[in-house]
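Below: the structure, in structure tokens.
Residue numbers (this note's numbering): 145 to 1129.
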């Protein structure tokens, strides 16, 4: 046997596939020769070891399922089918050179083919083989292979898929066969359109029904390999991923209970989403989208996303049923809410709603989906999600208005005022509102409203409403929730039940059962609980379809109550007990919890240290920031002073300029005066010359002398003025020089200050931004640390509570062990007594048998009983009379010759009024004799019609000796089964 590598497509697909592209590359086994045997000898039987080497990796998951496939039978019948049609080259390989004959294996069986299959792929019941072959023909039609018109249109596709669902949805064997056939048509399919339709069909089937566990494992691995294949077409990858997700969901939820309708199939084929409405308890609603594979859990998650409800784990969908008879309007409170399984399909629910409406006769049945809480927990009070609070308020308000919360008048008035405030807010004169009367009726339960006059209710509620002036709507809702939670029956989940057994006759006809933490067994149809009344324990039973939900609610609340009681008992006993017991007895769970507590304590300490370190760093950063701010303030003050100095210098410069201008003006005045004096002096000289020429020298000497004196004075004054002018000019030059120096110095200082201030400002700005970023980071770290610390605190509290519970359980275990020891001692003593009693009982049994058989022997080995039957209807109609009579229980007499009475004596005489039970009672102990080993025989004789058969066999409702003796025999065997061993033949 030589091993060869196929470089071209296998000839198995050369006839049934397309001959243009290779289908798969794998190793197979061949031998020489070019003939083959018609009995299938050229198909190589493989073992799992050789199979793992002979098939490609995507079929590796099928190796453990090799025994589930009928490989040899399938290939043999396929070869026979091909041989009978004259296609001898069907299984021949294409090769270069001499022709060789290959043996075809498991892989060939799982390849695409166009021809119908001769038998099923899997080993299934023989009655289902023909259906499996029809399934393959439907698959061929769907993918467009077995059709002259090409691929089917949308209507034909829907019809074909519906046929597949109808054939396989309720039969797990056919479901496995269907998935195996579809996966076969997706392997090595040369036509892309046909391949895409095959994967589309895989997606459709996986959306509504899962395969079995082993086939599902193989199918999941195969689809995963295709979806993540490198060379897989993109469109095929999308369909494979969709099929993978659908398969996961259907394996979790199970198959559909109803066959998907035409709309669901069409929506899945066209990628369109169907919609339905989910109601809330306040009659508002939301529209959700669903498809064939949508479950209740998926719908709850989608609806929570629509209404922005983050904490939705305690919510679910409920089926609300409300029956209306004739033309009557539905009464409030007669609706029934049935919890839905998370894995139930929305399509199945809607189909059931429609079927229920069709089946209802004489009444109108309203069915709808309702979103509400499954259970109220103590932890609900810590949830701050606004939508969570709103939905909790709506549900508690709904239950309260229906009368499920019986309250007193004061509480009823307060709750009504809170509901009105939550509805309309605070209004100064609410009684002036047009709907005030309707609000009073709406928010006051009918059972409570009839306890006093309407006007009294209105005044009481109005006065309480006005006292809540500063309440907001949210405050009113929160207060409403607090009041109901504090009631003994607060935070209950209510179930409508119908009583089955009421031992004391105290229960009314309509019963609403409320379950909360203050609080049973159940079945699918009933629930019961025990209650002690007047010292007598009574069991109350109710009929309901929600037994499991009731028990889940009870069990959850019981767990909460027990945990709280254990914690409380432990805290009370903690101060009085020492640690010796805890050191001597530690269960593994307790040690694990202690270790976990130590780890959490360390983590909490580390978190606290980190928080303290971060706080210290934050304080340091804040101090640094304060110092920087102080420095910036000092720089601002210095800059302000410099500005003031600059302003003073500028003022000085202005004064100097003003002074220079004044000096210039004075200089100009002096110069003008000098010019005037020079002009005057010249004039005087001219006048003197003229006077000398005109007058006598002698007479003008005096005037000349006077003029000379005046000239001298003017000259001196002129010199003084010139000196003053030169001095002023010098002072002006000095002042200008000083002013220029001051201006230059001031400009340099201002420029330097501006540069230094700008640099310092930039540096401080950068440092401030860095500090702000650090502060933000530190704040975020602090918030994260605080949240982590709160989580750790919660975990620590939970672990401590669990530890307290464990310690309490340990104490309870010690008590139980102590009681067990006492019980064991009592049982040991009772066992000794029992062994003694057994010995005495065996002796008594022996004596009883001896005495019993002695008595029977004394009665006689053979006993003859006489039973007189009553007159029949015919004898009564013919007015016949009795001829026999019984004088006592042993004697029978009748008239004889000469009308004399003749008597007959028997061991026992039964007259016509004796019942079957009376007759059997006297022969009951013969059954015990038979069990003890004695031979016993009972037979009846007498003339025809005397009642022999009736006495021995009786009738169905009135059995005779034989049925009663048989029952007695089994009773004795059951009674003595723990003492003796019996065998019946």
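Quick reminder that beta carbons are idealized off the backbone N, C-alpha and C, glycines included.
Residue 412: not part of any beta strand (DSSP E); member of the alpha helix (DSSP H) spanning 406-414, first to last residue. The DSSP-derived three-state label of residue 459 is strand.
Residue 820 carries a helical assignment under DSSP once its states are collapsed to helix, strand and coil.
If the five residues before and after residue 1032 are omitted, its C-beta is found closer than 8 angstroms to the C-beta atoms of 1053, all from its own chain and listed in chain order. Within the same chain, 275, 279, 318 come within 7 angstroms of residue 311 by CB-CB distance, once the 5 residues on both sides are set aside. For residue 564, the enclosing alpha helix (DSSP H) stretches over residues 553-568.
The C-alpha of residue 657 lies about 7 angstroms from the C-alpha of residue 641. In the three-state scheme derived from DSSP, where H, G and I count as helix and E and B as strand, residue 517 is classed as strand. Checking the DSSP bridge columns, you'll see residue 1103 partnered with 1098. Residue 539 and residue 518 do not touch by the CB rule: their CB atoms are close to 10 angstroms apart, not below 8 angstroms. Secondary-structure assignment with DSSP links residue 1011 through a beta bridge to 1054.
For residue 1080, the three-state secondary structure derived from DSSP is coil. When DSSP states are grouped into helix, strand and coil, residue 586 belongs to the helix group. Annotated three-state conformation of residue 1038 is strand, per DSSP. Here residue 804 has 876, 879 as same chain residues with Cβ atoms under 6 angstroms from its own Cβ, once five neighbours each way along the sequence are excluded. Spanning the alpha carbons of residue 950 and residue 958 requires a straight line of approximately 12 angstroms.
Collapsing the DSSP output to three states places residue 1048 in a strand. Membership of residue 330 in the alpha helix (DSSP H) is indicated by the continuous run 316-330. Around the C-beta of residue 332, 16 or more other C-beta atoms lie within 10 Å, and the residue is accordingly described as buried. A distance below 7 angstroms between beta-carbons, with the five flanking residues on each side excluded, links residue 1084 to the following residues of its chain, in chain order: 1092, 1095, 1096.
Your pair residue 358 and residue 209 checks out as a contact, with CB atoms roughly 6 angstroms apart and the cut at 8 angstroms. Residue pairing from DSSP places residue 465 in a beta bridge opposite 480, 511. Fewer than three pairs of CB atoms, one per stretch, sit closer than 8 angstroms, so the segment 432-449 makes no contact with the segment 551-570. If the five residues before and after residue 860 are omitted, its C-beta is found closer than 8 angstroms to no C-beta atom of its own chain. Here residue 252 is buried, its C-beta having at least 16 other C-beta atoms within 10 Å. By the neighbour-count definition (other C-beta atoms within 10 Å, threshold 16), residue 338 is a buried residue. The C-beta distance from residue 367 to residue 387 rounds to 6 angstroms, short enough to fall under 8 angstroms.
From the listed residues 421, 351, 910, the smallest Cα separation to residue 392 is found for 351. Per DSSP, residue 532 is not a residue of any beta strand (DSSP E); the alpha helix (DSSP H) it occupies stretches across 530-545.
Of all C-beta pairs linking the segment 453-467 to the segment 477-489, three or more are shorter than 8 angstroms, placing the two stretches in contact. Residue 201 is positioned such that its CB atom lies no closer than 9 angstroms to that of residue 225. Within the DSSP secondary-structure output, residue 640 pairs in a beta bridge with 656.
Put simply, the backbone Cα of residue 892 is about 11 angstroms away from that of residue 899. With respect to the 9 angstroms criterion, residue 549 and residue 634 are classified as neighbours on the basis of their beta carbons.
No alpha helix (DSSP H) of 4 residues or more sits fully in the segment 879-939.
Between residue 435 and residue 417 the beta-carbon gap is near 6 angstroms, inside 8 angstroms, which marks them as a contact.
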